[in-house]
Amino acid sequence: MLRQAMIRCTCFFIRSLNKKNVHQRQGLPTLLPMFPIADTKNPAAVQAAVAAIHGEMFRRGDREFVSRAFDWAVDAFLGKYRDYQPIDALYHDLEHTLQGTLCYTQILHGRQRVGVAPAVPQRMFELGLLAILLHDTGYLKVRGDNEGTGAKYTLIHVSRSANFAQQLLAEKGFSTEDAGIVMRMIRCTGVNVKIDAIPFQSEVERIIGFCIGTADLLGQMAAADYVDKLPILFAEFAESARYSGTKTMFESAEHLLKMTPTFWEKYVRPKIEKDFQSNY
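Just so you know, we're using this note's numbering here: the sequence shown kicks off at 237 and counts up by one.
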């Protein structure tokens with residue numbers, strides 16, 4: 237119980253970081269509420285929150301873009317796109333994506349509110365929104381794939397997600413250039429990604445990619461029930477190991493729980509502050 241209490245304190249600390257960091261680095265007061273600002277179990281609530289921020293940031297923008305993007309992503313996770321099944325990975329589910337999406341939106345909103353340069357134009361914000369919404373579609377299985385769950389694709393889910401995004405965006409009329417931007421942004425969510433190997437085409441694209449990678453990590457670890465979900469996360473790791481013939485980093489769900497503070501201090505925090513340059 238003491239260990240779980242300490243781990244929950246770590247997660248609370250992560251939530252507070254998401255609120256304060258950008259503003260404190262700029263010497264400005266905190267302007268935004270602490271994450272989350274919507275129930276991430278409710279896609280409509282998250283969509284409404286993201287749409288409100290999008291409307292505030294880009295007052296002359298396409299008011300329907302956010303709803304279209306959410307419809308595409310939600311349909312995919314519900315098994316309503318092409319021949320894909322509904323998501324059956326228990327940890328990397330729709331809520332996990334919504335946590336990252338809400339966090340991404342708040343990070344970009346915070347950057348704009350405090351005037352961090354370079355400014356992010358509407359098009360790049362929206363491509364980033366597509367990237368975070370689609371970044372875990374690599375866990376989806378096609379119909380007829382009845383072995384295990386989508387968790388078996390853990391080691392290759394980033395490339396599968398990028399390919400999924402490329403296919404969907406082409407169907408929706410996006411240019412090859414825009415699809416390429418989204419695919420590079422998705423690569424930022426890979427656990428072992430070498431950032432220097434991603435051929436970003438602009439500074440803004442790189443920053444958005446870093447914000448997506450940051451949001452993917454903070455969105456889940458700042459969730460109030462993150463600790464409670466660790467057993468199902470371990471189950472995904474174990475399934476992936478069986479499918480790929482590799483070993484997991486953790487011996488058990490209890491071991492994963494025990495290592496969470498170390499995971500934060502030795503991997504996540506250096507990742508978001510060094511590799512992703514503290515874009516939060």
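Cβ atoms here follow ideal geometry from the backbone N, Cα and C, with glycine treated the same way. The structure presented is a predicted model; accordingly, all values stated were derived computationally and were not measured.
{"Query": "The alpha helix (DSSP H) enclosing Gly449, as first and last residue numbers", "Result": "439-457"}
{"Query": "Spatial distance of Gly336 from Ile448 (CA atoms)", "Result": "8 Å"}
{"Query": "Integer Cβ distance of Ala285 from Leu338, believed to fall under 8 Å", "Result": "6 Å"}
{"Query": "Among Leu391, Glu362, Ser480, Leu469, nearest to Phe294 - alpha-carbon criterion", "Result": "Glu362"}
{"Query": "For Gln513, the first and last residue of its enclosing alpha helix (DSSP H)", "Result": "Where Gln513 is concerned, there is no enclosing alpha helix (DSSP H), given that its DSSP letter is neither H nor E."}
{"Query": "Closest residue to Ile422 among Ile444, Gln437, Phe410, Lys408 (Cα-Cα distance)", "Result": "Ile444"}
{"Query": "Spatial distance of Phe473 from Lys316 (CA atoms)", "Result": "27 Å"}
{"Query": "Length at least 4, wholly inside the stretch 469-504: the alpha helix (DSSP H) runs in chain order", "Result": "489-494, 496-499"}
{"Query": "Where Gly374 falls, given that 16 or more other Cβ within 10 Å makes a residue buried", "Result": "buried"}
{"Query": "Asp319 versus Lys377, Thr333, Thr390, residue with shortest Cα-Cα distance", "Result": "Lys377"}
{"Query": "Where the alpha helix (DSSP H) through Asn399 begins and ends", "Result": "393-407"}
{"Query": "Touching by the beta-carbon criterion (3+ pairs, under 8 Å), the stretch 422-436 and the stretch 319-328", "Result": "no"}
{"Query": "Start and end residues, alpha helix (DSSP H) containing Gln348", "Result": "330-350"}
{"Query": "Val429 - partner residues in DSSP beta bridges", "Result": "Per DSSP, none; premise fails for Val429."}
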